[in-house]
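Residue numbers (our numbering): 1373 to 1870.
Where a beta carbon is used, it is the ideal one built from N, C-alpha and C, also for glycine.
All remarks here apply to the structure that follows.
If you want it as C-alpha cells, here you go:
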C-alpha cells in the first residue's frame, strides 16, 4: 500500500541550533512545525512567518525557539519554489473530494483501537503511528482540505526524517498566518501540552457537547483548544496523531458532527482525541492574539504582552480611523491576497486606527521589504470601497451649496476637496484623477462662513469669512486642536483655493 514511509520527499535543511554550552541548561527548546500548502496565498504568509521567526531567533539565540520545518502538503508530495528558501519537508495531500475505490482505511481502527483509545499517561498506551496500515493516498478529504494537517503530521512522524530533523523534545504546531512578535517560552510538560483557548471551542455548549457525546462521555474534560498553536512533547504527539487524524476523518463522515463543527471540525478532532486519551492542556491566553478592528486592537493589544499575531480576521477602517464591521476604506485582510503577494509599499493605516493595525502593517511591510524577490502586483490597502460619508448633512445650507464640489484647496501639504454629504478628502499634491484619497474627515457648515472639519485625532475650525462670499471664497483661516477638546486655542494655519 502507499504508506507515508514509502514517500520520497524533498527536504531542505533546518535552522541551526545553538551549541549546547552557549545557552543555560534550563533552556527547553521546541521545534516549530509550520503546516502549509503551495498556494500563492500560503506562500507569502509562510515567507513572512519564517522571516519573523528567524528575526526573533537571531535576536534571542537562547530563547526556546529551536529548529524550524515547513511541512508542505502537495499532491504527489512534490516541492515548490520555496524549498530552497525555507527548511521544508514535503508530504502528500489526500485526494481532493470523495474517496477513491482504493481507499481501504477503517478510521475506527485509529480511534477505537485499544492501543489508541487509552490513557496516554500509561506506558501501555502507545498508539503507534503505523497502527493503521492502509492506502491513505486513495482517501479523499471530502472537500475539507484542513484534514491534510493531521495527515501531514502523521507522514512526518512515520518518516526517518523526523528523527534527523526534530532533535528537540517539544514541537510547536503553527500556521502560516502566525507572526512572532517575541519568542515564546516553553510552558509545556511531558504530560501536559500548552494551547490557546478558543471561545468557539466550548464543549460546555449544549449543541457542541451533543455532537461530541458519541466520542466522549464527559464534555467537561474536553479542552477549548485546537492543534495550533500547541506546544507538545514529541512523545505525546506521537501517541496522539493517529487518533487525531482518524477521529477527524470519522467526524467528517458523521452527519451531526459535520453540521455542528463546520470549518473547525479538525480542531474538534484534535481536542476530542486528546480528551479520549486523558491528555489535558494548560491554557495560555497570551500565546497569541486574534484581533479585528472591533476587538483586541486598543491599548490592551500592547499591554497584554501577546507573543504571536494571528491575523485570521481582517482589519477594516474608514479613512478617519473608525473601525468597520464591513470592508473598510482601508483594509488589511489576508483574503485580499489569495492570488498575489501584498505590495511592499502598502499604505499605512489611518492615524487613529487601532494599535493592532499599525503593528500588523509594520510586520508585513518589514518582511516584504527585506525578503528577496518579493513579487509586485497585489492590491493596496486602499480602494476596496468608495469613501464613506456621514448620514446626516444639510445639503441645502448656504455653506454646503458654496463648498460642495469645490477644490482643490491647498492646505498643510495636501489637496483637499469638500464633497457632498459631509465628507472631505485629501490627496498628495498633483495626484492624478481617479486616485484613492490618503486622508478623510467629516465637515459641517456653520454660521458666518465657518466650517467644522473633524478627523480621528484632530478637529479644526475653518473661517472663510462672512456668508462664504466675496474674496473670502478663495481662502480660509484654520485653527486646529485635538478632537477630544476641539479647535479652541489650537494651532493656526491658512488654506487657499488652488
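Option in the options with minimal Cα separation from residue i
{"i": "residue 1826", "options": "1799, 1640, 1811 and 1855", "result": "1855"}
{"i": "residue 1818", "options": "1803, 1765 and 1853", "result": "1765"}
{"i": "residue 1732", "options": "1432, 1640 and 1703", "result": "1703"}
{"i": "residue 1495", "options": "1468, 1405, 1572 and 1608", "result": "1608"}
{"i": "residue 1522", "options": "1852, 1660, 1696 and 1616", "result": "1616"}
{"i": "residue 1770", "options": "1758, 1821, 1815 and 1516", "result": "1821"}
{"i": "residue 1470", "options": "1672, 1508 and 1559", "result": "1508"}
{"i": "residue 1544", "options": "1401, 1483, 1410 and 1487", "result": "1401"}
{"i": "residue 1551", "options": "1406, 1774, 1560 and 1595", "result": "1406"}
{"i": "residue 1795", "options": "1804, 1772 and 1510", "result": "1772"}
{"i": "residue 1776", "options": "1815, 1613, 1467 and 1747", "result": "1815"}
{"i": "residue 1560", "options": "1489, 1426, 1597 and 1653", "result": "1653"}
{"i": "residue 1538", "options": "1638, 1580, 1619 and 1606", "result": "1606"}
{"i": "residue 1460", "options": "1557, 1515 and 1446", "result": "1446"}
{"i": "residue 1426", "options": "1639, 1450, 1554 and 1712", "result": "1554"}
{"i": "residue 1457", "options": "1778, 1781, 1753 and 1419", "result": "1419"}
{"i": "residue 1410", "options": "1593, 1577 and 1449", "result": "1449"}
{"i": "residue 1602", "options": "1467, 1630 and 1558", "result": "1558"}
{"i": "residue 1629", "options": "1581, 1657, 1669 and 1612", "result": "1581"}
{"i": "residue 1413", "options": "1492, 1548 and 1513", "result": "1548"}
{"i": "residue 1585", "options": "1779, 1645 and 1516", "result": "1645"}
{"i": "residue 1807", "options": "1564, 1514, 1833 and 1755", "result": "1755"}
{"i": "residue 1679", "options": "1546, 1455 and 1472", "result": "1546"}
Inter-residue spacing [alpha-carbon to alpha-carbon] between residue i and residue j
{"i": "residue 1726", "j": "residue 1649", "result": "42 Å"}
{"i": "residue 1390", "j": "residue 1397", "result": "With a pLDDT of only 48 at residue 1390, under the threshold of 50, the placement of this residue in the model should not be trusted; the figure read from the coordinates follows. The alpha-carbon atoms of residue 1390 and residue 1397 are separated by roughly 12 Å."}
{"i": "residue 1742", "j": "residue 1583", "result": "47 Å"}
{"i": "residue 1610", "j": "residue 1647", "result": "15 Å"}
{"i": "residue 1529", "j": "residue 1504", "result": "13 Å"}
{"i": "residue 1709", "j": "residue 1750", "result": "7 Å"}
{"i": "residue 1417", "j": "residue 1738", "result": "13 Å"}
{"i": "residue 1840", "j": "residue 1768", "result": "For residue 1840, the predicted structure reports a pLDDT of 45, less than 50, and the residue's modelled location is therefore unreliable. The matter cannot be settled from this model."}
{"i": "residue 1465", "j": "residue 1810", "result": "44 Å"}
{"i": "residue 1690", "j": "residue 1696", "result": "7 Å"}
{"i": "residue 1843", "j": "residue 1836", "result": "Below a pLDDT of 50, predicted positions are generally treated as unreliable, and residue 1843, at 49, falls in that range; no measurement from the model is reported."}
{"i": "residue 1869", "j": "residue 1635", "result": "55 Å"}
{"i": "residue 1863", "j": "residue 1830", "result": "11 Å"}
{"i": "residue 1720", "j": "residue 1705", "result": "13 Å"}
{"i": "residue 1619", "j": "residue 1483", "result": "6 Å"}
{"i": "residue 1785", "j": "residue 1849", "result": "15 Å"}
{"i": "residue 1853", "j": "residue 1783", "result": "16 Å"}
{"i": "residue 1422", "j": "residue 1474", "result": "37 Å"}
{"i": "residue 1441", "j": "residue 1692", "result": "42 Å"}
{"i": "residue 1707", "j": "residue 1774", "result": "42 Å"}
{"i": "residue 1468", "j": "residue 1520", "result": "10 Å"}
{"i": "residue 1480", "j": "residue 1511", "result": "15 Å"}
{"i": "residue 1524", "j": "residue 1686", "result": "28 Å"}
{"i": "residue 1802", "j": "residue 1747", "result": "28 Å"}
{"i": "residue 1517", "j": "residue 1434", "result": "36 Å"}
{"i": "residue 1404", "j": "residue 1439", "result": "6 Å"}
Presumed contact (8 Å Cβ cut-off) between residue i and residue j, rounded CB distance
{"i": "residue 1866", "j": "residue 1847", "result": "6 Å"}
{"i": "residue 1623", "j": "residue 1641", "result": "5 Å"}
{"i": "residue 1506", "j": "residue 1477", "result": "4 Å"}
{"i": "residue 1799", "j": "residue 1787", "result": "5 Å"}
{"i": "residue 1791", "j": "residue 1753", "result": "At roughly 21 Å, the Cβ-Cβ gap does not stay under 8 Å, so residue 1791 and residue 1753 are not in contact."}
{"i": "residue 1566", "j": "residue 1526", "result": "With 8 Å as the limit, residue 1566 and residue 1526 do not qualify as a contact, their Cβ atoms being about 22 Å apart."}
{"i": "residue 1633", "j": "residue 1597", "result": "Not quite, the Cβ-Cβ distance comes to about 14 Å (not below 8 Å), so this is no contact."}
Those residues which DSSP pairs with residue i across a bridge
{"i": "residue 1682", "result": "1550"}
{"i": "residue 1799", "result": "1787"}
{"i": "residue 1846", "result": "Answer by DSSP bridge pairing: none, since residue 1846 is not bridged."}
{"i": "residue 1437", "result": "1402"}
{"i": "residue 1865", "result": "1850"}
{"i": "residue 1409", "result": "1445"}
{"i": "residue 1813", "result": "1796"}
{"i": "residue 1825", "result": "1815 and 1832"}
{"i": "residue 1695", "result": "1689"}
{"i": "residue 1702", "result": "1689 and 1754"}
{"i": "residue 1512", "result": "1467"}
{"i": "residue 1523", "result": "DSSP output for residue 1523 lists no bridge partner at all."}
{"i": "residue 1538", "result": "DSSP output for residue 1538 lists no bridge partner at all."}
{"i": "residue 1543", "result": "1403 and 1604"}
Residue i Cβ short of 6 Å to the ligand MG heavy atom set
{"i": "residue 1446", "result": "This structure lacks the ligand MG, and indeed carries no ligand of any kind."}
Item to check | Entirely enclosed alpha helix (DSSP H) segments - the region 1708-1788, minimum 4 residues | outcome: Runs found: 1727-1742 and 1770-1775.
Item to check | Segments of 4+ residues assigned as alpha helix (DSSP H) that fall wholly inside the region 1546-1604 | outcome: 1578-1584
Item to check | Continuous alpha helix (DSSP H) assignments of at least 4 residues falling wholly in the region 1418-1502 | outcome: 1479-1484
Next on the checklist: Please give the ranges of any alpha helix (DSSP H) in the region 1630-1673, keeping only runs that are unbroken, at least 4 residues long and fully inside the region.
Outcome noted: 1637-1648
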